[in-house]
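Using full-length UniProt numbering, read the sequence shown as starting at 1 and increasing by one per residue. Following: one structure in structure tokens, then a few remarks.
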Amino acid sequence: MSVVWKDGSEPEAVRVSPLGWLRAAIRGPAIVLVIVTGLVAMYVLRLVEKPLYGLRRPLTPWITQTVCRLSLAILGLKLTVTGRQMRAKGAVVANHASWLDIFVLNARKRVYFVSKAEVAGWPGINLLAKATGTVFIKRERREAGAQVALFRDRLAAGHKLLFFPEGTSTDSRRVLPFKTTLFAAFFDDALRDWMQVQPVTVIYRAPKGRDARFFGWWGAQDMGPHLLKVLAQWPQGSVELVYHEPVAVSEFADRKALAGYCEQAVRTPLDVEIAKGAL
């Protein structure tokens, strides 16, 4: 599995020392054990939760958060947070730099990712995605009505839906133009008047002495080598979540205006950090 976005540059070559291999051999199985244990616990708990609460999930998201926090702790990846999380019903939009985003964003906020329908057929990944309540959608115009109905039901149940509007992951040092297609559903009459959107910036700081794009997953990189590189690294880098002020969909004229605002909000902290030489 490779990443779509390319800018002509090449990521650093993956070179792992003997100690790095040892760290990966310890961390990898430990994270797998945490994920599998959480997955089993989640499926068992859903047997009770689903009949009692339906779409609402007051219990199982705590398992997701615990699994993600433990996984980051095993990796040694420090997570800090700036800003306040949205309490109102609505959606979250963030930049997408790496497969690590799933762990990072789930660790601090109870969110439900919106993913392309193909992911539902990926072995292994599909079990995790379904268990954690991922929303699968088909990116086709004829599915627009079904998407609105699905979003409405999930949002009404109190779910915070999380979108990656860039449509692909990057080198972690930039934000690509936000695709406006998914924003269109927010302007449906059933959602527009009460829905809010919170932009979130994910900022990765590379380990000392490594390429500033260390955590970015882009170009022709395969999942395996990138995963190995992160598992083997010591000392580890860090990541920061910047929660921006939520905005009401009704304040914007159309999807392009809303997407443009969110894109700028997400991009600004990254640009500031780069300008300071902090990244």
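For every residue, glycine included, the Cβ atom is placed at its ideal position computed from N, Cα and C. Note that the structure is predicted; figures quoted are calculated from it, not measured.
Query	Result
Distance, L150 Cα to A94 Cα	21 Å
Own chain partners of T66 with C-beta closer than 8 Å, once the 5 adjacent residues on each side are dropped	G38
CB of F163 within 8 Å of CB of T134, strictly	no
Segments assigned alpha helix (DSSP H), at least 4 residues, entirely inside the segment 67-124	100-108
Where W234 falls, given that 16 or more other Cβ within 10 Å makes a residue buried	exposed
Beta carbon of S71 nearer than 8 Å to that of V40	no
Length at least 4, wholly inside the segment 206-246: the alpha helix (DSSP H) runs in chain order	223-232
Span separating the alpha-carbon of F215 from that of I274	15 Å
For Q196: DSSP bridge partner residues	G90 and A248
Segment limits, alpha helix (DSSP H) that includes L52	P18 to Y53
Cut-off 7 Å between Cβ atoms - residues of its own chain near K208, not counting five sequence neighbours on either side	P235
Strand pairing of I63, partner residues [DSSP]	According to DSSP, which records beta bridges pairwise, I63 is partnered with nothing at all.
Given P199 as reference, the closest of V36, A248 and G158 once Cα atoms are compared	A248
C-alpha distance - T180 paired with V44, whole-angstrom precision	38 Å
Simplified DSSP assignment, three categories, for K138	coil
Element boundaries [alpha helix (DSSP H), containing L270]	R255 to K276
Inter-residue Cα distance where the pair is L161 and R154	8 Å
Cβ contact check for the segment 6-15 and the segment 49-60: 3 or more pairs under 8 Å	no
Strand pairing of L162, partner residues [DSSP]	V92 and F113
Three-state secondary structure assigned by DSSP to T180	coil
Collapsed DSSP secondary structure at V14 in the structure displayed	coil
Neighbour-count burial assignment, T82, 16 or more Cβ in a 10 Å radius	exposed
Alpha-carbon spacing of A157 relative to R56, whole angstroms	5 Å
Local Cβ density within 10 Å of S172, reported as buried at 16 or more and exposed below that	buried
Beta-carbon spacing of S250, R192 below 8 Å	yes
Reduced DSSP secondary structure (H/G/I, E/B, other) of V148	helix
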